[in-house]
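Q:
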Amino acid sequence: MKRIFIIGFRGSGFRSEPYKGESLLIRAGHVGIYFEGDEDVIFGFHPTEEACRAVGDDEAVKEWLKAHRPMDGAIFDDTAIFERAAELADSDALTDVWQMSLSVSDEVFDRIRTRTLQWYTEKTIFTYAFPQRDQPPPPDRDNCATFPRRLDIPLPEPTGQLARYIDAMQQQGTRWKPKRS
Numbered sequence: 000m001k002r003i004f005i006i007g008f009r010g011s012g013f014r015s016e017p018y019k020g021e022s023l024l025i026r027a028g029h030v031g032i033y034f035e036g037d038e039d040v041i042f043g044f045h046p047t048e049e050a051c052r053a054v055g056d057d058e059a060v061k062e063w064l065k066a067h068r069p070m071d072g073a074i075f076d077d078t079a080i081f082e083r084a085a086e087l088a089d090s091d092a093l094t095d096v097w098q099m100s101l102s103v104s105d106e107v108f109d110r111i112r113t114r115t116l117q118w119y120t121e122k123t124i125f126t127y128a129f130p131q132r133d134q135p136p137p138p139d140r141d142n143c144a145t146f147p148r149r150l151d152i153p154l155p156e157p158t159g160q161l162a163r164y165i166d167a168m169q170q171q172g173t174r175w176k177p178k179r180s
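Going by numbering that gives the first Met the number 0, the first residue of the sequence shown is number 0, and it counts up by one from there.
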């Protein structure tokens, strides 16, 4: 048996003045995954830079997503985002990073890890969109929190609403700290 970790944090908020200069992922909150034996890379799903540029600046992207419009998304190495969220949490931001582990057979672990690395390396595009309130996401759209379902990873909460999702992670997991701290 090997472990796959789901990791996530609530965002600092879009209206919070002290964090207006932070990336949209810090302000919105984010979820990713990492693999036992390769804890130095956290994979996250979010809009591509090209998709964001096509919409406009950060404010335009935020409004586009809040209107539940879709964008191209892909898997990225988002380790630095989670490290930044943990750093901000140490300074009293509401970005505590939580993790939970799932034990899976070696065969399932290898299949999920191989698929993740393939999609990451090939920059495979999927449809990214913020979830609708109180509705499960359609099967052709995901945000960072629901994307692990494409890899056959069970979700701690099915709607992708980060407040609920992170609450579920807190109940089932532990607080995460970067190795450097």
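Idealized CB from N, CA, C, for every residue including glycine.
For Ser90, count the other beta carbons within 10 Å of its own beta carbon; 16 or more makes it buried, fewer makes it exposed. Which is it?
A: Counting Cβ neighbours within 10 Å, Ser90 comes out exposed, since fewer than 16 surround it.
Q: Below 8 angstroms on the Cβ atoms is my contact criterion, and I expect Lys111 with Ile152 to pass it. Report the Cβ-Cβ distance as a whole number of Å.
A: The question names Lys, yet the displayed sequence has Ile at residue 111. About 7 angstroms separates the two Cβ atoms, so the contact holds.
Q: Excluding the five sequence neighbours on either side, which residues of its own chain have a C-beta within less than 6 angstroms of the C-beta of Thr94, listed in chain order?
A: For Thr94, where only same-chain residues beyond five positions count, the Cβ hits under 6 angstroms are Phe8, Ser11, Ala84, Leu87 and Ala88.
Q: Which of helix, strand or coil does DSSP assign to Trp181?
A: Residue coverage of the chain in this structure runs from 0 to 180, which leaves residue 181 outside it and unanswerable.
Q: Could you tell me if Ala167 is buried or exposed, where buried requires 16 or more neighbouring beta carbons within 10 angstroms of its beta carbon?
A: By the neighbour-count rule (16 or more Cβ atoms within 10 Å), Ala167 is buried.
Q: Nearest to Thr113 by alpha carbon, out of Arg26, Leu101, Gly31 and Leu150?
A: For the residues Arg26, Leu101, Gly31 and Leu150, the minimum Cα distance to Thr113 belongs to Leu150.
Q: Mind checking Thr123: buried by the 16 CB within 10 Å criterion, or exposed?
A: Exposed is the call here.
Q: Using the Cα positions of Phe129 and Ile165, report the straight-line distance between them to the nearest angstrom.
A: If you take the alpha carbons of Phe129 and Ile165, they lie about 16 angstroms apart.
Q: Give the secondary structure of Ile124 by DSSP, where H, G and I count as helix, E and B as strand, and everything else as coil.
A: Residue state, collapsed to three classes: coil.
Q: What do you get for Gly72, buried or exposed, if any count of 16 or more other CB atoms within 10 angstroms of its CB means buried?
A: Flag for Gly72 reads buried.
Q: With DSSP collapsed to three states, give me the class of Asp76.
A: Three-state result, Asp76: strand.
Q: Is the Cβ of Thr145 closer than 8 angstroms to any Cβ of chain B?
A: Absence of chain B from the displayed structure is noted, only one protein chain being present.
Q: On the DSSP bridge assignment, give the partners of Ile6 in chain order.
A: Ile6 pairs with Gly31 and Gln98.
Q: Just checking my contact of Tyr33 with Phe13 at CB under 8 angstroms: how many whole Å lie between their CB atoms?
A: About 27 angstroms separates the two Cβ atoms, so there is no contact after all.
Q: Apart from the five residues on each side of it in sequence, which residues of its chain come closer than 8 angstroms, Cβ to Cβ, to Val107?
A: Same-chain partners within the cutoff: Asp151.
Q: Consult DSSP for Pro194 and reduce its assignment to one of helix, strand or coil.
A: Outside the modelled stretch of the chain, which goes from 0 to 180, sits residue 194, for which no answer is possible.
Q: Taking the C-alpha atoms as reference points, what is the distance between Lys178 and Ala144?
A: Distance between the alpha carbons of Lys178 and Ala144: 23 angstroms.
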